[in-house]
């Protein structure tokens, strides 16, 4: 039997595009990490080394930088949509262009001075096809912690189970979230701020019986607030904070009532979950080749 | 309209399991990074915080360590299969258990002394379901380089294209490969060695008109050699080595005939591709939630 | 000739100490990475394997966690001083205890809910000796950028020089700074805020003829403002942002007037410099084994 | 009182120089990470922004690449010496040039095909002054493990001590070592191989009462074997492997006799130590600004 080429895509990953807007003395900065991919009829490149239909990844890179100037970055979604459409136009063999962007936030120090904010990174994944276009917005590295109002008990036990039930633990995660829009234009910056606020406020005000439940609350709150969001997906490591055991220490009165923890690196729990609006339109290829989600 | 729970899974990621076999004075070491996930009917945990059907990730961790003793690590695939079957038995609500393993190789220095080898990491992803079981073997971080016999020309050009065609460049990648077996037992160590040899020897002996073509050769060679492999998937960054331009230097006779390069970090090309045996059985959930492949 | 033991130290690195203050419903969080080292008469441990004078690194770890409870973390400097004094008391063979702390900031979301801030990390290195005690405060990962008012010209040229002079470039760095106090008590939190403000405001308001000059301004401003600071040391990578060359693109009117840059990873310039108050007291061992400074 | 400029240096860090030797069909590869620094009379650059004496870091980068061609890389020490001498010549204001190199090893697959070896990285730090030149050779990321013949007991105890004494534990470290030569020419490749062999064979054959003792053996063995080495310095994290406690598991006969361990990330012990030949010449500035050593 013969071998056949399966699914494939190619592109340029992690273009570090920095766009300064300097039309006035008060500059703006857009600091991006941009990755592009093309999918389609590229069999000849694979099977006989024929590049005639292949728009080089170097050209994709050039286009990513040029579009930061030609179209600007009013939002990463608008930038990614324009870039994806351009790549699809430039490459007839392609059926779909996927553009992923990560944006690093900066705070203003002066007219042309900035300090990088840190904290969560805003993301998007835009898939532009010949027939359909999909927009996922998202964030990653949003590290949140509740120092109480989290329990974990009533779980299934077997002969390998040694975990004690607890009424009071630290709940912490470094959240990755992506939500799918049913529209392809809109005020992406405003909706991002709304989702972020919604995630944080729900996290802060929910009593948690498991990280699963907390994520479900958070996802539901987002869907309730933004009618143009069809679904939201989470990948959430359970960042364990273990209570330090002072019982063997020879210090009178040294107790640990939920006050001193060791933050562990590995292993960590990992919860992946989706909340979907009932009757939402089919995602098509919106999530194809988006890492980190079941 | 209501919101509904979508696909979900949970588990314990990155258990650093080190197993020493010391039945004789000549010890053996198995150094693993083990991640487990369960999927199935866990809606109650998400929607009403009920953990009665949830086998804790802590228990999954304990089982991963205990099975290193109880079953040993004759190969990471055998270990993962045993662990996945156990987790499925222990958790009636689960439909599938996925076990991922990375193995770090050590070289022997003495009877009980070892030095970590470095180089590629051997991997597997095993999915044990109620009806079907899938085994993916793989490797990652296999960094290979050809210092000639690689060209890139004849490609599609548009107004953003500035890349010069070349007859002679460095071709380098840090390969991730995973291959799907049609069997669930076998001599996994032997087949791993065969695939690795096949990948390296094909890389070293192929003239390359694009990384896509080289990957396609490599995948085809693996399928030709191992009849129990149904398909192989690659994720291959094109690690660019740019020829340093000495033309502006004021040094008589200083030329660069493919001799001095700067190895770039970002951006990098990224090629993802599959080679499948014609008529191979359907993969089912074998690739579900395996990151890094289109 | 014989071999002799040279300088040595030992300790426990990177204890991830998380302290929750929960005396009221409004919790506080202190999130630390703590490393301790002891130096002194430990030759027997090295030369004949005798541990009788060695306070185990495990005990140092326990003490770091216990002191988060016993002494609290009013500031990382106060915590480190108390911990260093304790370790020195507990280990008669030691001449000096060095305690290094990194502190990760969190913003409040609610009474017991927090989101990690990101941005710079506050640090200290405290060295407690039998006779002298030293306090270095600092910060790292403070990423700042000026999008104009930076030039680089008039530099020395040789036959390998190809760099063009420029009147207008991006100046960006990820700053590491440490400053030495002449006192061993004080309001460390207040002085930290003052130094940080001083560094940022000076960076934002200085015209730069080189990163060296900018650092010198920043250091001078700190010394002028805080009379109890004897010196400040910087390690500052010059994070290059290269102007993207659009000249080969076939797009009419596409220019790049300081608007689109590629942020490079490697190589990077690296500037290390100190500014010292004239007549400042000798640093003694304050900087011993502090990495990253010439 | 006025402020004064303290010690300072500047340079270009992490130039990723790849040199292919292709004089015959059988190519050779030298894969380097090169950092350079200059020290001297650069006060004007700091205090008044005058760059007239400053050889740009961009020129230093260019020189690093050009010298890979002009001088080749017979060994990283020889390359670094030539590069340092050149930089000192080109920059009259400099008193010293420091060149640091890391070399990544590749194994041969064919005439022009290579696979990166992994494992330890070979290093050097060369300091070329107007009067004196120093050569440090070294290695890093040499991960070694003994699965028995390691104890830790008889240590100092206080009220925070909970560690149990043990007769049998895993001893593992990721070694950084640097050794200082008393000569400035020699067969650096041969001496490197000798030191590496010496370190590994001593590690593998020593009974260990503490990591300190093992390092001392290793250092002594190097000095005994290479008469042109004046001293050796180690930085060695104690990579803890904790025995997994199966006592709470409900499995009859499940014991753990030194067979199953969890490899911990943080915290880790950290041992830094030197072994010096009695009467060795003074190191001068050989170790100035070399990170990671007390």
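Chains as they are written, first to last, in this note's numbering: chain A, 532 to 825; chain B, 532 to 825; chain C, 532 to 825; chain D, 532 to 825. From the three backbone atoms N, C-alpha and C, an ideal C-beta is built for every residue, glycine too. In this text the structure is predicted, and so the values were computed from the model without any measurement.
Open item on the list: Taking the alpha helix (DSSP H) that residue 751/A belongs to, which residues open and close that run?
Closed with: 742-756
- [ ] Tell me, please, which residues DSSP counts as bridged to residue 826/C.
- [x] The structure shown does not extend to residue 826/C, since chain C is modelled only from 532 to 825, so the question has no answer here.
TODO: State yes or no: is the C-beta of residue 741/D within less than 8 Å of the C-beta of residue 683/D?
DONE: yes
Task: Sequence-distant residues of its chain with Cβ nearer than 8 Å to residue 830/B (five each side left out) - done: In the structure displayed, chain B extends from 532 to 825; residue 830/B sits before or after that span and is not available.
Task: For residue 572/C, the nearest candidate out of 602/C, 623/C and 595/C (CA to CA) - done: 623/C
- [ ] Output yes if chain B places a C-beta closer than 8 Å to the C-beta of residue 542/A; else output no.
- [x] yes
Open item on the list: Given a cut-off of 8 Å on the beta-carbon distance, is the pair residue 675/B and residue 655/B in contact?
Closed with: no
TODO: Report yes if the CB atom of residue 780/D is closer than 8 Å to the CB atom of residue 533/B, and no otherwise.
DONE: no
- [ ] Please confirm if the region 765-775 of chain A is in contact with the region 785-800 of chain A, defined as three or more CB-CB distances below 8 Å between the two stretches.
- [x] yes
Open item on the list: So, does the region 699-716 of chain B touch the region 654-671 of chain B, judging by three or more C-beta pairs under 8 Å?
Closed with: yes
TODO: Give the range of the alpha helix (DSSP H) segment to which residue 728/B is assigned.
DONE: 719-736
Open item on the list: Between residue 599/A and chain C, is any beta-carbon pair separated by less than 8 Å?
Closed with: yes
Open item on the list: If I follow the unbroken beta strand (DSSP E) through residue 543/A, where does it start and stop?
Closed with: 534-552
Task: Residues in the region 688-700 of chain C having any Cβ partner in chain B nearer than 9 Å - done: 689, 690, 691, 692 and 693
- [ ] Using a Cβ-Cβ cut-off of less than 7 Å, give me the residues of the region 785-801 of chain B that come near chain C, in sequence order.
- [x] 796 and 797
Open item on the list: Within 8 Å of any Cβ in chain A, is that where the Cβ of residue 849/B sits?
Closed with: Examination of residue 849/B is not possible in this model, given that chain B is present from 532 through 825 alone.
Task: Same chain, Cβ closer than 6 Å to residue 759/A, five either side skipped, listed in chain order - done: 712, 713 and 714
Task: Local conformation of residue 631/C per DSSP, three classes - done: strand
- [ ] Determine the extent of the beta strand (DSSP E) in which residue 653/A is found, giving its start and end residues.
- [x] 652-660
Open item on the list: Per the DSSP calculation, residue 799/A is bridged to which residue(s)?
Closed with: 544/B
Task: Stretch-stretch touch, CB-based, cutoff 8 Å, three pairs: the region 538-554 of chain B with the region 596-612 of chain B - done: yes
Open item on the list: For residue 772/B, list the residues DSSP reports as bridge partners.
Closed with: 794/B
TODO: Mind checking which residues open and close the alpha helix (DSSP H) that includes residue 607/A?
DONE: 607-621
TODO: Assign residue 617/B to one of two classes, buried (16 or more other C-beta atoms within 10 Å of its C-beta) or exposed (fewer than that).
DONE: buried
Open item on the list: Do residue 745/D and residue 643/B have their beta-carbon atoms positioned less than 8 Å apart in this structure?
Closed with: no
TODO: Check whether the Cβ atoms of residue 586/D and residue 689/C sit closer than 8 Å, and answer yes or no.
DONE: yes
TODO: Specify the secondary structure class of residue 712/C as computed by DSSP and reduced to three states.
DONE: strand
TODO: Check the DSSP bridge columns for residue 667/A and list the partner residues they point to.
DONE: 656/A and 711/A
Open item on the list: To be precise: take each residue of the region 768-786 of chain D, compare its Cβ to all Cβ atoms of chain A, and keep it if any distance is under 8 Å. Which residues remain?
Closed with: 779, 780, 781 and 782
Open item on the list: Only counting the same chain, and skipping five residues up and downstream in sequence, which positions put a Cβ closer than 6 Å to that of residue 696/C?
Closed with: 684
Open item on the list: Less than 8 Å between the C-beta atoms of residue 619/D and residue 821/D, yes or no?
Closed with: no
Open item on the list: Could you tell me the alpha carbon to alpha carbon distance between residue 750/B and residue 577/A, rounded to whole angstroms?
Closed with: 11 Å
- [ ] Measuring alpha carbon to alpha carbon, tell me which of 634/C, 590/C and 747/C ends up nearest residue 542/C.
- [x] 590/C
- [ ] Could you run through the region 659-677 of chain B and flag, in chain order, every residue whose CB is less than 9 Å away from some CB of chain D?
- [x] 672, 673, 674, 675, 676 and 677
- [ ] May I have the straight-line CA-CA distance separating residue 777/B from residue 794/B, to the nearest angstrom?
- [x] 16 Å
TODO: Anything in chain B within Cβ reach of residue 679/D, meaning under 8 Å, just list it in chain order.
DONE: 553, 558 and 643
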